[in-house]
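Undergrad: Under my numbering, read the sequence shown as residues -17 to 902, first letter to last. Sharing a structure here in structure tokens format.
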Amino acid sequence: LDFCRKKLAIRVECLRETYQQQLRQRVNQVINDRWNFDESEERLRQAERLILPDQPAGHVPGVSLSARSLVGRYLRRRLPDISDYSQFVRKLVTVLASQGLLRLDTERGVEYVQLDAAVLIWRTGQGEPPPPDSIYSRRAISPLYVRVQQKANEFFRELYSRRALSLRSVEGLAHTAQIHYTDRQERERRFREGDLPLLFCSPTMELGIDIRDLQLVHMRNIPPTPASYAQRSGRAGRKGDPALILAYCAAGSGHDQYFFRRREEMVAGAVRPPRIDLSNEDLVRAHIHALWFSKVNLRIERSMDELLELQLDHLPLKDSVRAAIELSEDRLRQCIEEGRNILDLCADGLKEADWFTPTWLEDTLRRAPQAFNEAFDRWRQLYRAATIQLLEAQRIQATSFDERQQREARQRVEEAIRQRNLLTNTGTLREESDFYPYRYLASEGFLPGYNFPRLPVRVYIPREDGEFISRPRFLAITEFGPDNLIYHEGAKYHVHRFWTPPGGLGARRSTAKLCNVCGYFNSGDVDRCGNCQTVLDGSTSLFVNLLEMPNAKTIRRERITCDEEERIRRGYYTSIHFRFAAGTGGLLRTVEATVGTHPAQPLLRAIFAPAASLYKINHGWKGGRTEGFLLNLANGEINPDADQSPGETAILRLFVSDTENLLLVRPQAEIQRDPRALASLQFALQRGMEQHFQVEESELASERVGAGHHRAILYWEAAEGGVGVLRRLVEERDLFAAIASTALERLHFDLASLEDRKPDCAQACYECLLSYTNQLDHRLLNRRLVRDVLNALRSSLTTPQHAGRDYEEHYRWLRSLTDSRSELERRFIDHLYLTRRNLPDEAQKSVAEVNTIPDFYYSGCHACVFCDGAIHDEPAQQQRDKDVRRQLRESGYRVIVIRYDRDLETQIAQYPDVFGEARR
Ligand SMILES: [Zn+2]
Ligand SMILES: [Zn+2]
């Protein structure tokens, strides 16, 4: 009988199919989306049936009671004397039925039984676990098992039996950026008025929202910086009223544990001014665009339909807009002038930027109208996809007489209209919408914007009027991955389809060869790795078919199966790859340096790559049968059913990419070879950098890449806009040393004696190497393995290399290029070398636009150095020099003149920003 109960083989009205259909109709009629039934779920759960033995199988669905079934085996085990099992079961069932406990019934000639709901007795539990079920487990009846049987979880026993009663009427709601603006305001209002006692907030609450009489703020972890701590705690106790701030330091978070020991650094810590990387071209360009936009006579009130011609297929800019954004030559000149003044103010940041050429500003401003137009391309794709869906579904409505098709078409029409409304801000609050034009232009990177991600991936959620939610690309590639589940506003949504641009997803396809040797991302048609020069074949590289991660669509899901749950728990298999930007003359944009006490035996090699491409590839579910995802390229369906989904299909891996400043750190062979030492060094240096530069854990990221002697640690600046710290590691002579000291201390070693100050930390703990984000590496991390290399790094010097030449070699190379007639050039170079200052990047470089050849050139700050001997004192030469040098300055170059008749050291010391400080 208990088996019947557990199987839900119960005769009761609410478990009957007809009753449930009626119920569903009534629910659809009167209950809103949030509490409604799952659309994808065909039926509610109906009563089970237990089929009597010796009957044709498969005719009627149900659970068998045959001799080999679970129940059968149990009965024969307990009653070994039964001679005829089937007859025994029949007799048993008849007796139970005659007493009104079971109901015996027949369908299509098959006999089955169910428990009569009327005989169930409902009792409250005693807070003890249910007794073991001997049908399911033989072990369950062994005395040993019974003795060690688990006790009920005390917390939940307490919660359900007592605590829950006091929480009965307590309501708590979320307050995050993903909640509709109107809902958020309503929640704020209710919270302010005391009607809503509890609000769970994301950092959206940090800024600007004022709530009176707030007495308690509970932070569920330590905020990233003292600035955000001040903001969050400042929500409570306004106007001098006392308030209680509780902050929870999670045991699993290195950040939390670090500040748990150093509370005053968080609670009363210094607020660091915000930092952005001024050598980041995208960022500077966005600000120049903002300047341009202020000169353009264009007003945007509300929606994209003021800018784009929505009636035309290709959604071009409106003629009036096109006219407005073309500046007259005069206005453009004026704009260039203002731009130059602004850029002059950040000359220090720009001088490090190798993309910044004298004509960059003008080029950017002249190209701005085109860039403005292109910024709408991603929006156009979404809008066209919604329009195509609308037209196709309307065509089906007009031509189909199949009821199911009509119903589906109607749903698709409604969905497409909702999507188009969201895209044009029809009926939504403009400033809150992702598609409010200003906000959209910032998220596309055309205008500056720091509080939301650039070029996010969006997912459509069919909730109420429909919603788009967006995430940064590098998170979206897994969070919005195929078949994943998204939890949003208390419901589950299943990613089941990608948005397709007109013509399908084919245009987003590409191929690549991922180098196994160094981790480099090569396009699919090259034969040699662009970084390590390895010949790329099946053993040295992985050839992949890729799809750039599109925007996604979801459907609502009520339940998930165990298989799905298990798959989601395991997650996707992903990998990180990199590619250097192309520089001038076919060279790659990298700056190399060696770090060590002795130049011939460096402890580390470091390669800085500005504006490099970083790739993240989603290869598919871990433990899945195939790599990649089966996709329908025509309609974007994920795991399409071959019969019902016409169109070309392909198995593809997904990727996202971004432009980032990268630093590759390649340690000595002993560390490269030892995975534990390499991982430990990775996080030791990362902790050192975080602390030294005061950056948040999320602003720097790292990964180990490559194999053999190309095995390296890859660091990148994950913060939006970059933080501009990695470059300094190859440029400043003692920065690695300083970071190694910080790291050594963080790893509990005394800096003077190297004594272990926390012997309890056997390998690593949350105060040193461990953090929530490096969980998968925890078994590798051991602080003792890197003590000696960190200690050696403390007395190291960083020496930049020029095109693969170290300082000595570069000096000899420059000297070999000096003009044999000029004694001064050689004296100048020798002096720089002897005082260990920055050496020029080039000698005798020709500047074509001015038709001159400066003696030396510093490419970082575009400085031309002229070593003027006595010949330059002749009046004719003086005039020529004056003209050329004026032209150089007008083109944006710096001109530095070193004269033969003045003291060399005095002249050089005047330009510490070019030549650096004397170090000897
Ligand atoms: Zn390679
Ligand atoms: Zn530790």
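C-beta atoms are modelled at their ideal positions from N, C-alpha and C, and glycine is treated no differently. All values reported here derive from a predicted model rather than from experimental measurement.
Let me check one thing: in DSSP terms, what residues is tryptophan 698 bridge-paired to?
TA: Answer is Leu644, Ala683, bridged to tryptophan 698.
Undergrad: Identify which residue in Asn323, Cys328, Ile318 has its Cα closest to the Cα of aspartate 345.
TA: If we check each option's Cα against that of aspartate 345, Ile318 comes out closest.
Undergrad: DSSP three-state call for aspartate 259: helix, strand or coil?
TA: DSSP places aspartate 259 in coil when its eight states are reduced to three.
Undergrad: Comparing C-alpha positions only, which one of Thr641, Thr406, Tyr365 sits nearest to asparagine 533?
TA: Closest option to asparagine 533, Cα to Cα, is Tyr365.
Undergrad: Going by CA-CA distance only, name the one from Tyr418, Glu320, Arg(-2), Val253 that's closest to threonine 207.
TA: Checking every option, the nearest Cα to that of threonine 207 belongs to Val253.
Undergrad: Do the CB positions of leucine 34 and valine 71 come within less than 9 Å of each other?
TA: It is a contact, given that the beta carbons lie within the stated cut-off.
Undergrad: Determine the DSSP secondary structure at alanine 29, reduced to helix, strand or coil.
TA: Coil.
Undergrad: Can you list, in chain order, the residues of its chain with a C-beta nearer than 6 Å to that of glutamine 37? Leave out the 5 residues immediately preceding and following it.
TA: Counting only Cβ-Cβ distances below 6 Å, and skipping sequence neighbours, we find Val92.
Undergrad: Alpha carbon to alpha carbon, how far is arginine 139 from leucine 711? Give it in angstroms, no decimals.
TA: So the alpha carbons of these two residues sit roughly 55 Å apart.
Undergrad: Counting by C-beta, which residues lie closer than 7 Å to a heavy atom of ligand 2, in chain order?
TA: Cβ-based neighbours of ligand 2 within the cut-off: Leu729, His730, Lys740, Cys743, Ala746, Cys747, Glu749, Cys750, Leu751, Arg765.
Undergrad: Glycine 506: beta carbon under 8 Å from a heavy atom of ligand 1?
TA: It does not: the Cβ of glycine 506 is nowhere closer than 8 Å to a heavy atom of ligand 1.
Undergrad: CA-CA distance, leucine 646 and arginine 549?
TA: Taking the straight line joining both Cα atoms gives about 33 Å.
Undergrad: Just curious, the beta strand (DSSP E) that serine 452 is in, first and last residue?
TA: Counting along the chain, the beta strand (DSSP E) containing serine 452 begins and ends at 449 to 453.
Undergrad: Whose CA, out of Phe560, Ile468, Trp361, lies closest to the CA of arginine 541?
TA: For the residues Phe560, Ile468, Trp361, the minimum Cα distance to arginine 541 belongs to Ile468.
Undergrad: According to DSSP, which residues form a beta bridge with glutamine 869?
TA: Per DSSP, none; premise fails for glutamine 869.
Undergrad: Out of Val266, Val249, Gln757, which has the shortest C-alpha to C-alpha gap to alanine 968?
TA: This structure cannot settle anything about residue 968, because the visible part of the chain is limited to -17 through 902.
Undergrad: Would you mind sorting histidine 296 into buried or exposed? The rule is 16 or more other CB atoms within 10 Å of its CB.
TA: When all chains shown are included, histidine 296 counts as exposed.
Undergrad: If we ignore side chains and look at the alpha-carbon of each, how far apart do glycine 706 and tyrosine 163 end up?
TA: C-alpha separation (whole angstroms): 34 Å.
Undergrad: Going by beta-carbon coordinates alone, are aspartate 336 and leucine 260 separated by less than 9 Å?
TA: No, the Cβ-Cβ distance between aspartate 336 and leucine 260 is not below 9 Å.
Undergrad: Rounded to a whole number of angstroms, what is the C-alpha to C-alpha distance between glycine 54 and leucine 84?
TA: Glycine 54 and leucine 84: Cα-Cα distance of roughly 18 Å.
Undergrad: Give the DSSP-derived three-state secondary structure of proline 782 in the structure shown.
TA: Correct three-state label for proline 782: strand.
Undergrad: Could you have a look at methionine 286 and say whether DSSP puts it in helix, strand or coil?
TA: Of the three classes helix, strand and coil, the one that applies to methionine 286 here is helix, per DSSP.
Undergrad: In chain order, which continuous runs of the alpha helix (DSSP H) of length 4 or greater are located wholly inside the region 850 to 900?
TA: Listed in chain order, the complete alpha helix (DSSP H) runs (minimum 4 residues) inside the region 850 to 900 are 857 to 872, 886 to 891, 894 to 897.
Undergrad: Between serine 557 and leucine 644, is the Cβ-Cβ spacing less than 9 Å?
TA: Cβ atoms of serine 557 and leucine 644: not closer than 9 Å.
Undergrad: Would you mind sorting alanine 250 into buried or exposed? The rule is 16 or more other CB atoms within 10 Å of its CB.
TA: By the neighbour-count rule (16 or more Cβ atoms within 10 Å), alanine 250 is not buried but exposed.
Undergrad: Would histidine 580 be called buried (16 or more neighbouring beta carbons within 10 Å of its own) or exposed?
TA: Exposed is the call here.
Undergrad: By Cβ distance below 7 Å, which residues in the same chain neighbour isoleucine 378 in space, the five residues on each side in sequence not counted?
TA: Counting only Cβ-Cβ distances below 7 Å, and skipping sequence neighbours, we find Gln387, Ala391.
Undergrad: What is the C-beta distance between arginine 243 and glutamate 714, in whole angstroms, given that I count them as a contact (C-beta under 8 Å)?
TA: Contact flag wrong, Cβ pair sits at about 29 Å.
Undergrad: Considering only the beta carbon of each residue, do glycine 874 and threonine 341 sit closer than 9 Å?
TA: Yes, the pair counts as a contact, with Cβ atoms nearer than the cut-off.
Undergrad: Return yes when the Cβ of histidine 200 is within less than 9 Å of the Cβ of tyrosine 230, no when it is not.
TA: Contact flag set, yes.
Undergrad: Quick one: is cysteine -4 buried, meaning 16 or more other Cβ sit within 10 Å of its Cβ, or exposed?
TA: Result: exposed.
Undergrad: From this set, Ile(-8), Trp274, Leu180, which residue's C-alpha is nearest leucine 102's C-alpha?
TA: Among Ile(-8), Trp274, Leu180, the Cα nearest to that of leucine 102 is on Ile(-8).
Undergrad: Just the Cα atoms here: how many angstroms apart are leucine 226 and glycine 219?
TA: The alpha-carbon atoms of leucine 226 and glycine 219 are separated by roughly 8 Å.
Undergrad: May I have the straight-line CA-CA distance separating threonine 834 from isoleucine 878, to the nearest angstrom?
TA: Cα-Cα distance, rounded: 14 Å.
Undergrad: Flag this pair as touching only if the region 744 to 761 and the region 604 to 612 have three or more C-beta atom pairs under 8 Å; answer yes or no.
TA: Judged by Cβ distances under 8 Å, the region 744 to 761 makes no contact with the region 604 to 612, as fewer than three pairs qualify.
Undergrad: Run through the region 546 to 577 for me and flag every whole alpha helix (DSSP H) of 4 or more residues, listed as ranges in chain order.
TA: Entirely contained in the region 546 to 577, not one alpha helix (DSSP H) run reaches 4 residues.
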